[in-house]
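A.B. asks: Below is the structure I would like to discuss, written out as C-alpha cells.
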Amino acid sequence: MDIKGPNLIKGVHLEGLRKIGNPQERATRYYDEGADELIYMDVVASLYGRNSLVDLVRHATEHIFVPITVGGGVRAVGDVDRLLRVGADKVAVNTAALARPELIEELSRQFGSQCIVLSVEAKQRRDGGWEAYTDNGREHTGRDVVEWVQQAEQLGAGEILLTSIDKEGTRKGMDIALISAVTGVVDIPVIASGGAGTAGHLVAAISEGHADAVAVADMIHFDRTDLRSLRGELEQAGLSLRTPMVEEADA
Amino acid sequence: MPDPVVTILDYGVGNLRSVARAFEVCGAMPRLAETPGQAMQADRLVIPGVGAFRSCVDALRAAGFADVVEQVVSHRERPVLGICVGMQMLLDVSEEFGQQVGLGFVPGKVSRIPSGAGSDDRRKVPHIGWSSLQPPTGASDVSWSGTVLNDTRRGTDVYFVHSFAAVPTLASDVLAVTDYGGHQICAALQRDNLFGVQFHPEKSGLGGLAIVRSFLNL
Chain A
385 MDIKGPNLIK
395 GVHLEGLRKI
405 GNPQERATRY
415 YDEGADELIY
425 MDVVASLYGR
435 NSLVDLVRHA
445 TEHIFVPITV
455 GGGVRAVGDV
465 DRLLRVGADK
475 VAVNTAALAR
485 PELIEELSRQ
495 FGSQCIVLSV
505 EAKQRRDGGW
515 EAYTDNGREH
525 TGRDVVEWVQ
535 QAEQLGAGEI
545 LLTSIDKEGT
555 RKGMDIALIS
565 AVTGVVDIPV
575 IASGGAGTAG
585 HLVAAISEGH
595 ADAVAVADMI
605 HFDRTDLRSL
615 RGELEQAGLS
625 LRTPMVEEAD
635 A
Chain B
3 MPDPVVTILD
13 YGVGNLRSVA
23 RAFEVCGAMP
33 RLAETPGQAM
43 QADRLVIPGV
53 GAFRSCVDAL
63 RAAGFADVVE
73 QVVSHRERPV
83 LGICVGMQML
93 LDVSEEFGQQ
103 VGLGFVPGKV
113 SRIPSGAGSD
123 DRRKVPHIGW
133 SSLQPPTGAS
143 DVSWSGTVLN
153 DTRRGTDVYF
163 VHSFAAVPTL
173 ASDVLAVTDY
183 GGHQICAALQ
193 RDNLFGVQFH
203 PEKSGLGGLA
213 IVRSFLNL
C-alpha cells in the first residue's frame, strides 16, 4: 500500500499516481480477506525526509493481527524505533541505505536482522543487468542490483522486497529474470513485486523466479480481483498457502 | 465474570502494543508490569521477547523479573506464556553469540536453525513467514486439549520470525512442531502451567487470536 498524505495511492504506468481511497478501510478489508502481511510505503517520505505513517500504523495495529512492514524515509535508528513502537514489525529501507550502506548494519545490530527489510527498486539496464533506483524509480544510483542485494545481506538485511520499476503497474507479468537473479544470490527471503496482473504471474514469480512471497497492489486496489479469489486461484495452481481461519470456525 | 487480567512483563525490549491489543480483543484486561511488585500479582503472566537472547535475559534480570517468573511458574495454577525469545529464555542455555545462560525452567538449549547449506534442503535463516502447527513426530496422539492449543486444529498456520529455536531435552515438553524445509522446529512447549510459543500469536490472524483466547481460558 503506497501512501501519500491521507490517501492510499497507486502509480499507473506512465500516467502518474491515482487515488485509491482510505488506507484504513483497505487495510482492514485486506486483512479480513486473508492477506498474510501488509506493507505500507510512504511514497513521498524521502522527498520530505520523514515517514508520516506513524499514526496510520498505530491505528492499523489496533485491528490487524498480521505482520506489518513500513517503509519510506527511514534514515536512522530513531526512525525505526518510532515505527516499531507504534506496532510495525519490520521496517524497509532503500534511499538512505544506498547513500550509506552501513545504515543496514547499524539497524540490524540494534533491532535484529528479522525486522530490517531492504527495499530494492530495480530497473533494467541496456546490457541486461539491473540498476537500483530510489525515490520510486525517479533517481538512479549506478548500483548494480545483484551486487547490492548481496552486500545488503552481508550487512544484516533480513529480507528483500524486490520491485521491478519496468513492470510495476503494467499488469503484464513480473520480471522473472530479475527475481531469479536475486533469489539465486541471497539466502534471505525475497518478496517479489511489480507487474502482476493475473494469478499466473504470481505463480511464475514463485515457481520460476523462486520468490518466497509475492506482493500485490494494483490487482486488488482497483478491484480487479480480491484476495480471497486470488488465494483460491493460487491454491488451484498448486501453491501452498496458509489457510486463513474464518470466523465461522470459531463458532 | 470480570475480564481476566493478563500481566505482560515490560522490561524494555520490543514493542508490546500488539501483544496487549491481541489480549484486549480477546476479552482480557492486559496490564504492563514494569516492576517485580506489579508482576508478582499476576494471575496470568506473559513473557514477551524480541531480538537477541542475551539482551533479553539481561534486561529481564536487570528489571528484577527472573525471581518473579520463578515464583509464578512454581505456583502451578497460574498460567505463564513465553512468546518468541520469551519462550527461548525458559530453557537452560542459548548458543546465540556463544553460550548464554537462560532461566532454566525447561531443560534444553536454544540453537541456530541449520541452514542446510550444501544439502538438498537448503533453508533460509531467519525463518520468516507462515508455517503450520503439527503434533511432534512420533507423538501423533499428543493432546492439545487443556493447553494453549485447545482450540487449534492441526495444520493451523501461524507466523514465525526467528533464527534460533528451542531444543527441549525431553520430548514430553514439546507440544507442537513446525516443519521448516525438512527440519523440525519446536513451535510450542509445555511444562505444567508453563507454555512457550516460538511463533507470534498476536501476528497470526484469527488462528493466533484463538491461541490467545485458549490461554485466557486455562
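Line by line, the protein sequences give chains A and B. Heads up: the first sequence begins at 385 in the numbering used here, then just goes up one per residue. Heads up: the second sequence begins at 3 in the numbering used here, then just goes up one per residue. Glycine is no exception: its CB is placed at the ideal position from the N, C-alpha and C atoms.
Anything in the segment 477-501 of chain A with a Cβ closer than 9 Å to a Cβ of chain B? List those residues in chain order, please.
C.D. replies: Going along the segment 477-501 of chain A in chain order, one finds Gln-494, Phe-495, Gly-496, Ser-497, Gln-498 and Cys-499 with a Cβ nearer than 9 Å to chain B.
A.B. asks: What is the DSSP secondary structure of Val-438 (chain A), counted as helix, strand or coil?
C.D. replies: Looking at Val-438 (chain A) - three-state DSSP - the assignment turns out to be helix.
A.B. asks: Nearest by alpha-carbon distance to Val-501 (chain A): which of A:Ala-621, A:Val-450, A:Arg-510 and A:Ala-472 is it?
C.D. replies: Val-501 (chain A) has its Cα closest to that of A:Ala-472, out of A:Ala-621, A:Val-450, A:Arg-510 and A:Ala-472.
A.B. asks: Hey, does Leu-2 (chain B) have any beta-carbon neighbour from chain A nearer than 8 Å?
C.D. replies: Missing from the structure shown is residue 2 (chain B); chain B here goes from 3 to 220 and no further.
A.B. asks: Quick check on the DSSP output: the beta strand (DSSP E) that includes Val-475 (chain A) runs from which residue to which?
C.D. replies: Its beta strand (DSSP E) spans residues 474-477.
A.B. asks: Report the CB separation of Phe-197 (chain B) from Pro-32 (chain B) in whole angstroms; it is logged as a contact under 8 Å.
C.D. replies: Wrong, their Cβ atoms sit about 17 Å apart, outside the cutoff.
A.B. asks: Do we get a CB-CB distance below 8 Å when we pair Arg-719 (chain A) with the residues of chain B?
C.D. replies: Nothing about residue 719 (chain A) can be reported from this structure: the residues present for chain A run from 385 to 635 only.
A.B. asks: Give me the residue from A:Asp-420, A:Pro-407, A:Met-385 and A:Lys-551 with the minimum Cα distance to Gly-209 (chain B).
C.D. replies: Among A:Asp-420, A:Pro-407, A:Met-385 and A:Lys-551, the Cα nearest to that of Gly-209 (chain B) belongs to A:Asp-420.
A.B. asks: Got a sec: is the Cβ-Cβ distance from Ala-24 (chain B) to anything in chain A below 8 Å?
C.D. replies: Yes - at least one Cβ of chain A is within 8 Å of the one on Ala-24 (chain B).
A.B. asks: Does any CB atom of chain A fall closer than 8 Å to the CB of Leu-11 (chain B)?
C.D. replies: False, the Cβ-Cβ gap to chain A never drops below 8 Å.
A.B. asks: Kindly indicate the opening and closing residues of the beta strand (DSSP E) around Asp-5 (chain B).
C.D. replies: Looking at the DSSP string, Asp-5 (chain B) is not in any beta strand (DSSP E), and its letter there is neither H nor E.
A.B. asks: Show which residues of chain A have a CB atom less than 7 Å away from the CB atom of Val-163 (chain B).
C.D. replies: Under the 7 Å cutoff, chain A gives Gln-498.
A.B. asks: For Ser-145 (chain B) and chain A, any beta-carbon pair shorter than 8 Å?
C.D. replies: No, because no Cβ of chain A sits closer than 8 Å to the Cβ of Ser-145 (chain B).
A.B. asks: Please look up how many angstroms separate the CB atoms of Leu-611 (chain A) and Gly-418 (chain A), rounded, as I've assumed it's under 8 Å.
C.D. replies: Indeed, because the Cβ distance is near 5 Å, the residues count as touching under 8 Å.
A.B. asks: Can you pull out the residues from the segment 441-459 of chain A whose beta carbon lies closer than 7 Å to at least one beta carbon of chain B?
C.D. replies: Per Cβ criterion, the list reads Thr-445, Glu-446, Phe-449, Val-450 and Pro-451.
A.B. asks: Answer yes or no: do Ile-649 (chain A) and Ile-544 (chain A) have a C-beta to C-beta separation smaller than 8 Å?
C.D. replies: It is not possible to answer for residue 649 (chain A), since the shown part of chain A is limited to 385 through 635.
A.B. asks: Do you know offhand how far Arg-63 (chain B)'s Cα is from Ile-213 (chain B)'s?
C.D. replies: Straight-line Cα distance between these residues: approximately 28 Å.
A.B. asks: Out of curiosity, what's the CA-to-CA distance linking Ile-448 (chain A) and Asp-511 (chain A)?
C.D. replies: Cα-Cα distance, rounded: 44 Å.
A.B. asks: So, for His-164 (chain B): in the same chain, excluding its five sequence neighbours on each side, which residues have a beta-carbon less than 7 Å away from its beta-carbon?
C.D. replies: The residues are Cys-86, Pro-128, His-129 and Gln-200.
A.B. asks: Who are Leu-83 (chain B)'s beta bridge partners in DSSP?
C.D. replies: Paired residues: B:Val-48 and B:Phe-197.
A.B. asks: Run through DSSP, which three-state label would Phe-606 (chain A) get?
C.D. replies: Of the three classes helix, strand and coil, the one that applies to Phe-606 (chain A) here is coil, per DSSP.
A.B. asks: Report the rounded CA-to-CA distance for Val-396 (chain A) versus Asp-559 (chain A), giving the unit in angstroms.
C.D. replies: Going by the C-alpha atoms only, they are around 17 Å apart.
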